[in-house]
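Undergrad:
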Amino acid sequence: MTIAKIEKLDRLVEATASARDARTGSLWRQSIRRMRRSPMAITGAVIVGLFVVVAVVGPWVAPYDPTAQTWGREVFLNQNIFPGPRAENWFGLDHLGRDMFSRMIVGARQTLLVGVVATFIGFIAGAFIGGVAAAAGTFGGRWGERCEAVIMRAVDVALAIPMLLLALSVAALLGPSLRTVMIAVGVAQIPIFARLLRGSMLAQAHSDYVLAAIAIGVPKGRIVVSHILPNSLGPVIVQATLVLATAIIEAAALSYLGLGNPDPGSPEWGTMLADAQRFLSGAPQLAIYPAVGIIVTALGFTLLGEAMRESLDPRLRRQE
Amino acid sequence: MLRYTVKRLLQLSVALLGLSLLLFAWFKALPGGPENRLLPENATDQQREALRAALGLDEPVWTQYGEFLSRIVRLDFGSSLSSGRPIATELAERLPATVELSLAAMLIAVGLGIPLGYLAAKRRGSWIDFGTVSGSLLGTCIPIFFLAAMLKVVFAQELGWLPTTFRLTAGADFTEVTGLRVFDGLITGEFGIAWDAVQHLILPALALSSIPLAVIVRITRASVLDVVGEDYVRTADAKGLKPSTVRGRHVMRNAMLPIATIIGLLLGSLFAGAVLTESVFAFGGIGSFVYQATTERDYPALMGFILVIAVFYVVINLLVDLSYGLLDPRVRVRK
Amino acid sequence: MALLEVEDLRVAFGASTAVDGVSFSVDEGKVVGLVGESGCGKSVTSLAIMGLLPKGRGRRTREPVQAAAAEPVDSGLKVAASAPQAVAASGGRGRRGGADVQGRAAFDGTDLLSLSPAAMRRRRGKDLAMVFQDPLSSLNPVVPIGRQITEVLERHRGLKGDKASKEAASLLDRVGIPDPLRRLKEYPHQLSGGMRQRVLIAIAVACAPRLLIADEPTTALDVTIQAQILELLKDLVETEGTALLMITHDLGVVAGICDEVNVLYSGRVVESAPVRELFRKPTHPYTVGLLGSIPRLDLPIHEPLTPIRGSIADVIRWRDGCAFAPRCDKVAAPCVDGEPALVGAVHAHRCVMAEEVA
Amino acid sequence: MALGLFTACGSDGDGGGDADTAEDFDFSCPERTGEVPEADTAKNESQPFVFGTPGDPTSLDPILASDGETFRVNRQVFDTLLDADCTDTVPGLAESYEQNEEGTEWTFHLREGVTFHDGQALDGAAVCKNFDRWANFKAGYQSPNFTYYYSAIFGGFAENDPAMGIETESIYKGCTADGLDATISLSKYTSSFPGAFTLESLSIISPASIDAVADAAIPTADSPLPEYTQTVGTLAGTGPYKLESWDHSSQEVVLTRNDDYFGEPAKVKTVIFKTISDETARRQALEAGDIDGYDLAAPADAQALTEAGYQVPVRGVFNLLYLTYTQSHAPLEDHAVREALSYAIDRQRIVNSVLPAGGMVATQFIPPSLDGYSDDVVTYDYDPEKAKQMLADAGAEDLTLTFCYPTDVTRPYMPAPKDIFDMISSDLQAAGVTVEAKPITWVDYIPTTRSGDCPLYLLGWTGDFNDPYNFLGTWFATESTEWGFDNPEVFDAIAAANTEPDQATRVELWKTANEAVMEELPGLPISSSPPSIAFAPDVYPPDVSPLTRENFAQVYFTTGS
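Protein chains in written order, with my numbering: chain E, 8 to 327; chain S, 1321 to 1655; chain P, 268 to 625; chain W, 39 to 599.
Below, the structure written as structure tokens:
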């Protein structure tokens, strides 16, 4: 159905897979060496590293309880009175009199959690579907091929629905919560991962070493698990890095549509940004802190992912 | 070609049937019935029950699905919970606005993205390249609703250069032909209206174009880098052709293949972006409608939209694949 | 005076040198061969003459000449080890692929290397033209071949519309393509490999160039087609009086078509002689090795082939000694004692042990 | 027969100067002061007045609508028998009315010389034709999603369609016309009357219009509305404006002045209602001059706009937000616990910080602008120490309560549910209560809270007309799972008030009922707050109304700026 899109994905797969063919063991080492020289990769890695550190230590270094409305009586959101940055509150107060700085650094963890869990859900489920489809299609005979066709048609249909709407539908089903955001964004990524892994595995399945393995009679299951699968994960892992960025942005969009994390106990950047839209003219800083957080973090993951992709792609590499 | 098209259409209807089942299941599984959306909070339980019964929500699921399907085939997606009007009508009325916005956004994305991507590829490694690539990556990282809001605050509110909302100044007197205001204004000779419409289009189209622009820049860059390394470009150089001829006939014509694919695919995703953009600018297209449907949990409307967009997306894909044949003679022969 | 006079041509890609002081000449109406293994610098030489190498930024370092080549091969990807070839093969437009070209390539008295890009463009395709190795990838897949021919006619001969089409058809006819009018509308993928190469040749000879450079024109073709293409080239050269620079690794091709031969190794000419002279009395051990690698019908059937040991990556720097020394059977102490010079006039060679070899 | 008095609640139709309570401030309709600016006549004729609305209207037939956006449009085009000025019932199409002692016969004396937009004259027969039409609605017309208000007021239809699920009998007996008089007979009195006659749903349309749409069918409850409700030109009203066009794709309703209007003619020739669903977008459009006014301004925006010179007239309050203590959950059964929780919550902070100007802390379950508001109810002022003490005394120190709030809506009485929830839960936690947040989407919220699953939850109501039953009756008339208490004293007090046809007696009975409710403390009334409406500096705004019944015929552009 979406042949063109499929071709594009498959091209990525092919590119990465053929790089893999060249010399499997040292490929990652190679690309890591190459990435060490790339300003894109370095910038990305620094941002991601910083973000992860903040996310891990955030709750311990936050000066205040991010949920306590300690200064609640100083904020009048109906009169546009939002105390800005000052000695005790570096980023000022939010609309309920909570310390914005503490919310930002504690929020980093929730934001990372949303991204990671959502990506993980998409990855696992997508990899499972794509893997089963590819395995069935390659080794399952005629019925296997039919199975594969059915699975992939379903994936195509899912691909046809814009990611945001897919996430929206899931979120509507489960009711608003942080868990919902994770599942919704994760589910929306499943088709991409499925498509990608299947393409990648098929490319591997037709490679010479697999034919050789079949020829010498290695059991099919073992070929899939110990040969095809590990060699097919490259593009999927790259995609995972990029999806992390998307997941964080999608989570923010869900919040904007009112389907985000409504739990005041766990500040999260997407929700903070969506909440602050109301005060954009009166207190733009409330929106800008989380927006910058989201943008920079997403950029970090994207840079890293793109750098990885480029370093794995032999067509781009040969021109270096 | 014809057989291929027919085969694709057949596959498509099977896929859409599957989608309808999925959507129906989703709709049924949603918590809270529409009666809660339709009635004020003070309505009595009895009134709610009455409405449930009247809406046929107590019938067996398969009867409901049959009814649902037979309606969809007749392009009847039911009535919107918030307006009470047929969803198909609502969507049809709002389609031109979104089409116009999407086209404008695509125009910006293509018009800027291809030259920028080409430039980045040409000057690979220069600051232009770095700036363009990181700019385009940044473009994909800004939540679109935030970008739209910021554009509006800066250019419409603070600087006052452009209008903040609507497709035309309220009360403007115009002749409707296709529903694409700029186009209509031009063909009916109402140039004032066309200009007004253009002004109203700029900001939302800019916001909406951010992601396609970023994608097109990167695809163009990658694609040009790919093509520029091809032997036939060297052949063209060896012929001593003018750089412009090499660029146009040899580099870009080949580089356009993946770009065209991506443009087609992006059109589908524009609709999702329009949901977030149109609401910020009260643009009044399908996006606004869906935003409203979302915030008000008007699920029948959402369902109708998803079906329409799935069909749209699938058709676009078909067109892209077919146009691939036009662009690439190799594919043409194979099919 | 020779039509093309290449003097001390040096091409470097960043730290690695691909062509390291190559000199040779091509006389009007003559066929000169440039022979060597992949990676010896013969393609880069031809591209440098055509001005098709990407501009470098000037040499910044005087790094050891074959630094890249000295890297262990098993470090992963061969591509990385032979970067210059990769660059050249891909048209060399990569960021770090900028080539630094030095020396002289006088064409009819004008140094091509010092011409402005625009002036060079005016000559390319008109005074000197090139036929490439892979006819499929060298033709634009999305443009009908007719257009690919007429564009060069339009550019250099000012022919347009019907005139150009007619001329293109007659060119196709001349390179032996039947039904040329129909073929004009076809795309490269609709032609066979041999036909594509004929099209490329038609494009190259469209403006009756005085020098034609053919870079492995037959390598990608079937053996039977190879002969046809060679015959075609030979025929064109003879009838038009065009000079031909034939770049090949195939000594059979050399024997069949060339008047003079230059053998390249690791970016330098190691032997240069008229073709008969070379085959009769190869002097440099590398030339000997090349000839020994060819299966011959006139030798007893059990006679083993004598391949050259190692690969082109196993080299030392020319200024330290003979680059071929690590692979040479006749290697001796003088071989690695400083730079060997090219000695001789009509039959020149670059081997300090030449007497012993002979 | 008692004379129908428009002066029943103390102020007549002059704009509501002297309030009937002892307060120095009239909650419902603050008096309008300042000079009346000069009109820019040329501009009023040439330039449309554009008003940004949060949503599209749904139906041009008033009886088929139950939402404020539709009411706003229809109110300019159609008239009701009685009108509301502020919250007082004043003459509408009827100059005066009479009711019998039992409240079952209502005779309206119509104005003379009123003509519909289609040229027909208004008389008693026209009114009766409207009432008869409604009572005889068939099939889908009876579904509550189309005629919610009619069935809510009259109980049912002449012949209830079993498919529509309405089982209660209609209390409408008939209508008799006599010249300019129309008498409506009911089988039973409810306190909805006479307030219900001010409701926009019961607007009077011309007899010819009724004939024109007689064949338009709504076969089932989920059928779309008939075409005549979506396009202008079929229905004729009597209002100051006529419908000019409704462009669905531009979300634009255009009205033009009715020059034959029986009252003061409209000042501006063209009024456009244009939908902007996003509240920030509405403000920006006003600031950019794209629109001349809009409704439902966010509280923060209202303040910013005022500072920037825009006009944000404060409406009177006519709604109520409350926190329910569902007594089916054990600890809340204890009156002392409910009382302690009430002391723990700083409602003034919510009002000061979140609610728009004009908001106030509520002391009872009706807003102060309503008849029957009592000044003698028990109040529970913020006292966190007392709250802690009482909880300790009640043996409920480590109380854990689930607290529900809706996630995806803002209601006129609750502009930011999550913020209000956050504040209350923070207060409760300060008093030592562990709060478990339970966010629920709106469609699921009502059923969940109705079933009594939420120990604590936020909800509210905006009144339709001046009738306390509209608030108290729907909540406390009988035992229900949503409140989970059984207190006959409360139930009886409400029943007594609801069935008392005499106005003055009824007001007293409502006061008693309010006091009984606050004694029981089934929940904590939090606040009443008016939704904000904003206008450009060069506009003379209409009188704002607690019922959001603004009359746009009063609007005009001034020469000021």
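Yeah, the Cβ is synthetic: ideal placement off N, Cα and C, and Gly gets one too.
Taking only three categories from DSSP, how would you classify W:Thr-596?
TA: Here W:Thr-596 sits in strand by DSSP.
Undergrad: Please list the terminal residues of the continuous beta strand (DSSP E) segment that includes P:Met-513.
TA: Unbroken beta strand (DSSP E) run through P:Met-513: 510 to 515.
Undergrad: Look at the Cβ atom of E:Pro-242, then the Cβ atom of E:Ser-207, and state whether they are nearer than 8 Å.
TA: For E:Pro-242 and E:Ser-207, yes; Cβs fall inside 8 Å.
Undergrad: Between which two residues does the alpha helix (DSSP H) holding W:Asp-457 run?
TA: Segment 455 to 468, the alpha helix (DSSP H) holding W:Asp-457.
Undergrad: Chain W partners of E:Pro-183, CB-CB under 9 Å?
TA: Thr-445, Asp-446, Pro-477, Ile-478 and Thr-479, listed in chain order.
Undergrad: Rounded to the nearest angstrom, what separates P:Glu-330 and P:Arg-584 at their Cα positions?
TA: The predicted position of P:Glu-330 is uncertain, since its pLDDT is 34 and thus under 50; no value can be drawn from it.
Undergrad: Does any CB atom of chain S fall closer than 8 Å to the CB of W:Val-389?
TA: With 8 Å as the cut-off, W:Val-389 does not count as an interface residue toward chain S.
Undergrad: Tell whether a beta-carbon distance below 8 Å holds between S:Arg-1444 and S:Leu-1358.
TA: Against a cut-off of 8 Å, the Cβ pair of S:Leu-1358 and S:Arg-1444 comes out as no contact.
Undergrad: Look up P:Glu-505 in the DSSP assignment and say whether it is helix, strand or coil.
TA: Residue state, collapsed to three classes: helix.
Undergrad: To the nearest whole angstrom, what separates the beta carbons of W:Thr-127 and W:Asn-504, a pair I think is in contact under 8 Å?
TA: Right, their Cβ atoms sit about 6 Å apart.
Undergrad: Kindly indicate which three-state DSSP category W:Asp-333 falls into: helix, strand or coil?
TA: In this structure, W:Asp-333 counts as strand in the three-state DSSP scheme.
Undergrad: Using alpha carbons as the reference points, say which of W:Glu-265, W:Cys-213 and W:Gly-72 lies closest to S:Ser-1399.
TA: Taking only the C-alpha atoms, the option nearest S:Ser-1399 is W:Glu-265.
Undergrad: Examine chain E for any beta-carbon lying closer than 8 Å to the beta-carbon of S:Ile-1462, and answer yes or no.
TA: So yes, S:Ile-1462 belongs to the interface.
Undergrad: What separation, rounded to the nearest whole angstrom, lies between the Cα atoms of P:Pro-574 and P:Leu-276?
TA: Cα to Cα, the separation comes out at about 30 Å.
Undergrad: Could you give the C-beta distance for W:Pro-337 and W:Val-392, rounded to a whole number, given that I count them as a contact under 8 Å?
TA: The Cβ separation is near 7 Å, so the contact holds.
Undergrad: I need the DSSP call for E:Arg-30, collapsed to helix, strand or coil.
TA: Because the pLDDT at E:Arg-30 is just 43, under 50, the model does not fix this residue reliably, and the value given afterwards should be weighed accordingly. It is coil, neither helix nor strand.
Undergrad: Considering only DSSP beta bridges, list what W:Thr-586 is partnered with.
TA: None; W:Thr-586 has no bridge partner.
Undergrad: Quick check on E:Arg-93: does DSSP put it in helix, strand or coil?
TA: In the structure shown, E:Arg-93 sits in coil (DSSP, three-state: anything other than H, G, I, E or B).
Undergrad: Quick one: using the 10 Å Cβ neighbour count with 16 as the cut-off for buried, is W:Asn-296 buried or exposed?
TA: The residue is buried, with at least 16 neighbouring Cβ atoms inside 10 Å.
Undergrad: Using the Cα positions of W:Ala-603 and W:Ile-383, report the straight-line distance between them to the nearest angstrom.
TA: A question about residue 603 of chain W goes unanswered here, because the residues of chain W that appear run from 39 up to 599.
Undergrad: In the structure shown, what three-state DSSP assignment does W:Cys-166 receive?
TA: W:Cys-166 falls in the helix class under three-state DSSP.
Undergrad: Here's a check: name, in chain order, each residue in its chain whose Cβ is nearer than 8 Å to the Cβ of P:Val-613, leaving out the five neighbours to either side.
TA: So the qualifying residues of the chain are Ala-540, Pro-541 and Glu-544.
Undergrad: Return the chain-ordered ranges of every beta strand (DSSP E) run that is complete within the region 295 to 332 of chain W and spans a minimum of 3 residues.
TA: Listed in chain order, they are 308 to 313.
Undergrad: Using the rule of at least 16 other Cβ atoms within 10 Å of the residue's Cβ for burial, across every protein chain shown, is W:Gly-347 buried or exposed?
TA: Counting Cβ neighbours within 10 Å, W:Gly-347 comes out exposed, since fewer than 16 surround it.
Undergrad: Can you check whether the CB of W:Pro-92 is closer than 8 Å to the CB of W:Ala-164?
TA: No.
Undergrad: Can you name the residues of chain S whose CB is closer than 9 Å to the CB of P:Val-286?
TA: In chain order: nothing, as chain S lies at least about 18 Å away.
Undergrad: Mind listing the chain W neighbours of E:Arg-285? Cutoff is C-beta to C-beta under 9 Å, in chain order.
TA: Simply Glu-317, Thr-318, Ala-336, Ala-338, Asp-339 and Ala-454.
Undergrad: Which chain W residues are close to S:Glu-1413, counting only those with a beta carbon under 7 Å from its beta carbon?
TA: By Cβ distance, chain W contributes His-286 and Ser-287.
Undergrad: Flag this pair as touching only if the region 391 to 404 of chain P and the region 478 to 487 of chain P have three or more C-beta atom pairs under 8 Å; answer yes or no.
TA: Touching, yes, given that three or more Cβ pairs across the two stretches are closer than 8 Å.
Undergrad: Would you say S:Val-1628 reaches chain W, if we count a Cβ-Cβ gap shorter than 8 Å as a contact?
TA: Output row for S:Val-1628: interface = no.
Undergrad: If we define contact as Cβ-Cβ less than 8 Å, is P:Asp-378 a contact residue for chain S?
TA: Output row for P:Asp-378: interface = no.
Undergrad: To the nearest angstrom, how far is it from the Cα of E:Thr-187 to the Cα of W:Phe-169?
TA: Each residue's alpha carbon lies about 49 Å from the other.
Undergrad: Got a sec? Which residues, its chain only, sit under 7 Å from P:Ala-431 by beta carbon, not counting five neighbours each side?
TA: Cβ neighbours of P:Ala-431 beyond the five flanking positions: Thr-417, Leu-420 and Glu-421.
Undergrad: Are the CB atoms of E:Met-107 and E:Tyr-263 nearer to each other than 8 Å?
TA: Their beta carbons are not under 8 Å apart, which means E:Met-107 does not touch E:Tyr-263 by this criterion.
Undergrad: What residues in the region 399 to 410 of chain P bring their beta carbon closer than 7 Å to a beta carbon of chain S?
TA: Listed by position along the chain: Phe-399, Asp-401, Ser-404, Ser-405, Leu-406, Asn-407, Pro-408, Val-409 and Val-410.
Undergrad: In the DSSP assignment, find the unbroken alpha helix (DSSP H) run with W:His-373 in it and report its ends.
TA: First-last of the alpha helix (DSSP H) with W:His-373: 373 to 382.
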